[in-house]
Amino acid sequence: MSALSVLLVEDNPRNLKLARDVLEHAGFAVITAMSGEEALPAARAAVPDVILMDLQLPGIDGHAALSQLRADPVTAGIPVVALSAFAMQADRDRAIGSGFDGYLMKPISVREFPGQVRGHARGVWGEP
Ligand code: MN
301 MSALSVLLVE DNPRNLKLAR DVLEHAGFAV ITAMSGEEAL PAARAAVPDV ILMDLQLPGI
361 DGHAALSQLR ADPVTAGIPV VALSAFAMQA DRDRAIGSGF DGYLMKPISV REFPGQVRGH
421 ARGVWGEP
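In the numbering used here, the protein residues as written are 301 to 428.
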């Protein structure tokens, strides 16, 4: 089975590096974007199995980027999981209510993160 592909959208370089390193170590193919504006063409080009979207981004935020992904037939079906540093139930509820397929809190759990991401990837049940 080929590697699961992930588009990771995160503007904080340290958070980006940690999440990318953890996922690559677990066998995922990772592409990255550091803004919502970068995420849209990257998602169109790669059509990844899952997108991890930081909610707080410069320029358009994660919610606005999600809307643009959903409006494009090429990217509309890709699962998009919110990443947020806000450990607040309201933030989680808002993310799910606005159409995200899941929600993961930062800081990520290095041990659990790959399994959490795999669980959200589109139609894949085996190992990446
Ligand atoms: Mn951010």
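Don't be surprised by glycine CBs; every beta carbon is placed ideally from N, CA and C.
Contact between Gly359 and Glu337 holds, with the beta-carbon distance rounding to 5 angstroms and staying under 8 angstroms. Secondary structure at Ala326: coil, using DSSP grouped into helix, strand and coil. Apart from sequence neighbours up to five positions away, the residues of its chain that approach Ala343 with a beta-carbon distance below 7 angstroms are Leu307, Ile351, Leu369, Thr375 and Ile378, ordered along the chain.
Taking Ser305 as the centre and dropping the five residues before and after it, the same chain places the C-beta of Ala329, Pro348 and Asp349 closer than 6 angstroms to its C-beta, in chain order.
The beta carbon of Val410 sits closer than 6 angstroms to the beta carbons of Val322 from its chain, once the five residues preceding and following it are set aside; these are given in chain order.
At least one heavy atom of the ligand MN sits closer than 7 angstroms to the Cβ of Asp354. If you look at Ser305, you'll find it in the beta strand (DSSP E) that goes Ser305 to Val309.
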